[in-house]
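Heads up: the sequence lines are chains A and B, in that order. Heads up, the numbering used here is the position in the first sequence plus 168, with the first residue counted as 1. Heads up, the numbering used here is the position in the second sequence plus 168, with the first residue counted as 1. Just so you know, even glycine gets a beta-carbon here, dropped at the ideal spot from N, CA and C. Since the model is a prediction, treat every value here as computed from it, not as a measurement. Taking it in order: structure first as structure tokens, then the write-up.
Number of protein chains: 2
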Amino acid sequence: MGSSQQKFYTSPLAVINHLVKWTLLSIPVSVITGSLVALFLWSLEEATHLRYEFPILLWGLPASGLLIYWLYKIGGKNAEAGNNLVIDEIHKPGAGVPARMAPLVLITTVITHLFGGSAGREGTAVQIGGSMAAWVAKVFKLGNQDVKIILMCGVAGGFGAVFGTPVTGAVFALEVLAIGSVQYIALLPCLITSLFANWVCISWNIHHTQYNILFEGSHDEWIPYLHVDVLLILKVVIASIAFGLASNLFAVLTHNIKHLSKKFIKKAYLVPVAGGLVIILLTYLIQTTDYNGLGVSGPFPDSVNIVNAFHAGNVEYYSWLLKLVFTAITLGMGFKGGEVTPLFFIGATLGNTMALLLGAPVDLLAAVGFIAVFAGATNTPIACTLMGIELFGGTHLVYFAIGCFTAYYFSGHTGIYASQKKLMQKIV
Amino acid sequence: MGSSQQKFYTSPLAVINHLVKWTLLSIPVSVITGSLVALFLWSLEEATHLRYEFPILLWGLPASGLLIYWLYKIGGKNAEAGNNLVIDEIHKPGAGVPARMAPLVLITTVITHLFGGSAGREGTAVQIGGSMAAWVAKVFKLGNQDVKIILMCGVAGGFGAVFGTPVTGAVFALEVLAIGSVQYIALLPCLITSLFANWVCISWNIHHTQYNILFEGSHDEWIPYLHVDVLLILKVVIASIAFGLASNLFAVLTHNIKHLSKKFIKKAYLVPVAGGLVIILLTYLIQTTDYNGLGVSGPFPDSVNIVNAFHAGNVEYYSWLLKLVFTAITLGMGFKGGEVTPLFFIGATLGNTMALLLGAPVDLLAAVGFIAVFAGATNTPIACTLMGIELFGGTHLVYFAIGCFTAYYFSGHTGIYASQKKLMQKIV
Chain A
169 MGSSQQKFYT
179 SPLAVINHLV
189 KWTLLSIPVS
199 VITGSLVALF
209 LWSLEEATHL
219 RYEFPILLWG
229 LPASGLLIYW
239 LYKIGGKNAE
249 AGNNLVIDEI
259 HKPGAGVPAR
269 MAPLVLITTV
279 ITHLFGGSAG
289 REGTAVQIGG
299 SMAAWVAKVF
309 KLGNQDVKII
319 LMCGVAGGFG
329 AVFGTPVTGA
339 VFALEVLAIG
349 SVQYIALLPC
359 LITSLFANWV
369 CISWNIHHTQ
379 YNILFEGSHD
389 EWIPYLHVDV
399 LLILKVVIAS
409 IAFGLASNLF
419 AVLTHNIKHL
429 SKKFIKKAYL
439 VPVAGGLVII
449 LLTYLIQTTD
459 YNGLGVSGPF
469 PDSVNIVNAF
479 HAGNVEYYSW
489 LLKLVFTAIT
499 LGMGFKGGEV
509 TPLFFIGATL
519 GNTMALLLGA
529 PVDLLAAVGF
539 IAVFAGATNT
549 PIACTLMGIE
559 LFGGTHLVYF
569 AIGCFTAYYF
579 SGHTGIYASQ
589 KKLMQKIV
Chain B
169 MGSSQQKFYT
179 SPLAVINHLV
189 KWTLLSIPVS
199 VITGSLVALF
209 LWSLEEATHL
219 RYEFPILLWG
229 LPASGLLIYW
239 LYKIGGKNAE
249 AGNNLVIDEI
259 HKPGAGVPAR
269 MAPLVLITTV
279 ITHLFGGSAG
289 REGTAVQIGG
299 SMAAWVAKVF
309 KLGNQDVKII
319 LMCGVAGGFG
329 AVFGTPVTGA
339 VFALEVLAIG
349 SVQYIALLPC
359 LITSLFANWV
369 CISWNIHHTQ
379 YNILFEGSHD
389 EWIPYLHVDV
399 LLILKVVIAS
409 IAFGLASNLF
419 AVLTHNIKHL
429 SKKFIKKAYL
439 VPVAGGLVII
449 LLTYLIQTTD
459 YNGLGVSGPF
469 PDSVNIVNAF
479 HAGNVEYYSW
489 LLKLVFTAIT
499 LGMGFKGGEV
509 TPLFFIGATL
519 GNTMALLLGA
529 PVDLLAAVGF
539 IAVFAGATNT
549 PIACTLMGIE
559 LFGGTHLVYF
569 AIGCFTAYYF
579 SGHTGIYASQ
589 KKLMQKIV
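So this is what it looks like as structure tokens:
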């Protein structure tokens, strides 16, 4: 071995040492993160059911926006920056992620959902994981290099627990940092934390929604587990171009709504009030509350929601666009929560529409849309391909990969996380 | 959008343009590569059956080594560098990958297998793909940037076709270039070529071996498709440390055998002759031909081979080590073929042994070993996790990820490809 190789030599004992250290450090991170995520998911479910029972709560949206504004004003400091702060701190540990971020984002997200804002969960979970990891780092007085790793672990744990997808959580935490690459620093610490946090969350008796793809493909005995059909692949590619463009539209619209409301509404506290009023107005215009809240399931059996997007009949051809607008206004005008569940909604309903348009299996395209719009908006095609497997099983891996890779190409370079490093052009 | 964002803007039309161009370019690459890989797989099967029928062929191994030496001497030029030449050219297009590499490596690999050398297939397929892609690049007079992409496509196509795993092929082509990262340049062109090449190969009526994992895990309704068991995870981690160390041992032993035979056998043409003699001697010492050739299946129902490693009863506890030694000698002393199928053999048999030792499901640990030893030796943990899904289905994704990631940590920085860039330490 040459000297350049020697420099890179790592003894198995050093690796075991590293892994034992990170297994131990991952325990507090995942116990706290997993438990808070469980509390968050439980509160979210309660808030959603309360809203179904008392639809009048929607009228409280403008006031709740004011409350959220005020909570961040008195308690927030730099916590307002949310996911971007966590990503920034991983790139360059500095100011630190404040521990108060966790309760703040948890409470304000539940408020957003209780009063019918259209938002998600992953942002909240990532911020809970990130801030609790930062707190553990402080307690154990970790150095900068270790702070980077523990923050990634927090992101992995929060993401893995909130969606019940541990492998996706680990890869997402590494892939989200930059556009165009995954770096394997902290591969195992992230996977360990993500697995632990998911177990902790499940141990609190939290159930994740199950999805089913009935479509089994053409049985081709030469390719075990892969049932591929050329025409269907072409349809998936066309649909995935639409998924990528929808990701881009969502990112650009949210950016612009944020920018324009700052510019035209001089008093910052009026932004969420105005946002709440617009959501109320839109809800009454379209005469349905299907686009408020999380949208995984709905108050009625025939609601437009993610679960129903997996079969034909309930989704309107413009459902994806309505959810996109509702969410861009909610998140662009000061309410809290993640973007990912709405992206699942947008993708699954757009997939439903594209399937009917192209004559493809509805459940398959809903599943591909579910992961591909998310892949495009966050520039994480590999994590999202893995998510397809964790949520829907491995049978349709080829379609998942095509969907996520294609959406990644067509989603532009904006993305929903401004702090993501832009390492390279998507095409050269 | 700020100016730093503008710089990265890519219009959907430019992306479509890029993808149409690469879809068209991938057609000749995948038709030629897929067909040659099909011819190669067919020849391999014929050679293997001939060897089963006429065991006396083993005595021809030293002479066949001389023939291979002579073939590369008169026709080889820089083709001798094999996979490393392809990787070097992707990093820095220069001297070019000669088209003669394809027939040379195809013929010499079949010779190696016919006379009972212990070798694999992926190296041959990657070199066929790489050299044919380089030839297409020459015909179309592509520039350096496009040569890089088309070479990656060739690698993806060769790999995807030879194992029937298109998604793995695409990710492998990107992941193998450097230790510690995947860069997404050419993500879709690689996937397109890999899918096409696999179809072409299948259309020639080539069948890939099917593996089955009967173990279904503890049914845990909270995690759809993922059936996780803490104790079993711990067992998988321990086994995977062994897998990683086995990868490292293989890489180091092959390097050293190559180095020492160069040093002590002054006449270069005598190296493969000596190698052939050692393989004959070893075969007669252990009284079985189970460790010659590919090892996917065997001449007898109770042979030690990859398929039989998936259930208890046929594999010896030292089978993995015998295959490791046979392969290191074969490839370290001038015979041709890939390393990956022997790595599958080493991993599956070591997994079999570890399963009996640890009291874990034999088929599960054989499958994890199959992909994890390969992940460690090539430093491609994500491609190998995906390969687990493509070969064995998505149910055991968590174990596949744990196995491949852990083996990656414990396999050192040597790897079987000397040209792989060493971007970072595995632990920090």
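If we define contact as Cβ-Cβ less than 8 Å, is residue i a contact residue for chain A?
i	result
B:K594	yes
B:Y220	no
B:H395	Summary for B:H395: the model assigns pLDDT 46, below 50, so the residue's position carries little reliability; its value from the coordinates is reported in the next sentence. Taking Cβ atoms only, chain A never reaches closer than 8 Å to B:H395, which makes this a no.
B:Q588	no
B:H581	yes
B:K430	no
B:Y585	no
B:V183	yes
B:P180	yes
B:E599	For residue 599 of chain B there is no data in the structure shown, the boundaries of chain B being 169 and 596.
Pull up the CB-CB distance for residue i and residue j, whole angstroms please, since I reckon it's below 8 Å.
i	j	result
A:G505	A:T422	That belief does not hold up - the Cβ atoms of A:G505 and A:T422 are roughly 12 Å apart, past 8 Å.
A:I425	B:T178	23 Å between Cβ atoms; not a contact.
B:H479	B:V530	6 Å
B:N312	B:P261	5 Å
B:L310	B:F208	At roughly 25 Å, the Cβ-Cβ gap does not stay under 8 Å, so B:L310 and B:F208 are not in contact.
A:N520	A:L511	The pair is not a contact, with the Cβ atoms about 15 Å apart (cut-off 8 Å).
Under DSSP, the beta strand (DSSP E) around residue i begins and ends at which residues?
i	result
A:V350	349-351
Spell out whether any CB of chain B is found under 8 Å from the CB atom of residue i.
i	result
A:T650	With chain A represented from 169 up to 596, any question about residue 650 of chain A goes unanswered, as that position is not in the structure.
A:H413	Just to set this straight, residue 413 of chain A is Leu in the shown sequence, not His. For A:L413, the answer is yes, since a Cβ of chain B falls inside 8 Å of its Cβ.
A:G481	no
A:H186	yes
A:A523	no
A:G500	no
A:V493	no
A:I318	no
A:G322	no
A:I474	no
A:G562	yes
A:Q313	yes
Tell me the residue span of the alpha helix (DSSP H) that contains residue i.
i	result
B:L397	It is Asp, not Leu, that sits at residue 397 of chain B in the sequence shown. Note, B:D397: premise wrong, no alpha helix (DSSP H); not H, not E.
B:E384	Note, B:E384: premise wrong, no alpha helix (DSSP H); not H, not E.
A:Q295	290-307
B:F222	That residue, B:F222, is in no alpha helix (DSSP H); it is neither H nor E in DSSP.
A:H281	269-282
A:D256	251-259
B:L489	487-500
A:T165	Examination of residue 165 of chain A is not possible in this model, given that chain A is present from 169 through 596 alone.
B:N520	508-526
A:D531	530-546
B:N460	Here B:N460 belongs to no alpha helix (DSSP H), and DSSP marks it neither H nor E.
Starting from the Cα of residue i, find the closest Cα among the options and give me that residue.
i	options	result
B:W372	B:L204, B:T456, B:L253	B:L204
B:Y577	B:G562, B:A414, B:G556	B:A414
A:F568	A:M555, A:S299, A:L417	A:M555
A:S349	A:T548, A:V566, A:I448	A:T548
B:L187	B:I318, B:V294, B:V472, B:V339	B:I318
B:H564	B:S232, B:N380, B:A287, B:P334	B:N380
B:V368	B:G243, B:T517, B:A329	B:A329
A:Q377	A:N476, A:F494, A:S487, A:M592	Before going on, a small fix: residue 377 of chain A reads as Thr here, not Gln. Closest option to A:T377, Cα to Cα, is A:N476.
B:V566	B:L525, B:L402, B:M522, B:Y452	B:L402
B:Y585	B:T292, B:I550, B:A545, B:L235	B:A545
query: At a Cβ cut of 8 Å, what residues of the stretch 566-578 of chain B count as close to chain A, listed as they run along the chain?
result: V566, A569, I570, F573, T574, Y576, Y577, F578
Contact residues within the stretch 346-358 of chain A, judged by C-beta distance below 7 Å to chain B: G348, S349, V350, Q351, Y352, I353, L355, L356
- request: With 8 Å as the C-beta to C-beta threshold (strictly closer), list the residues of the stretch 248-276 of chain A near chain B in chain order.
  value: none
- request: Please name the residues in the stretch 327-346 of chain B whose beta-carbon is closer than 7 Å to at least one beta-carbon of chain A, in chain order.
  value: Considering only beta carbons, the part of the stretch 327-346 of chain B lying closer than 7 Å to chain A consists of G332, P334, V335, in chain order.
field: Residues from the stretch 281-302 of chain A in contact with chain B, defined by Cβ distance under 7 Å
entry: none
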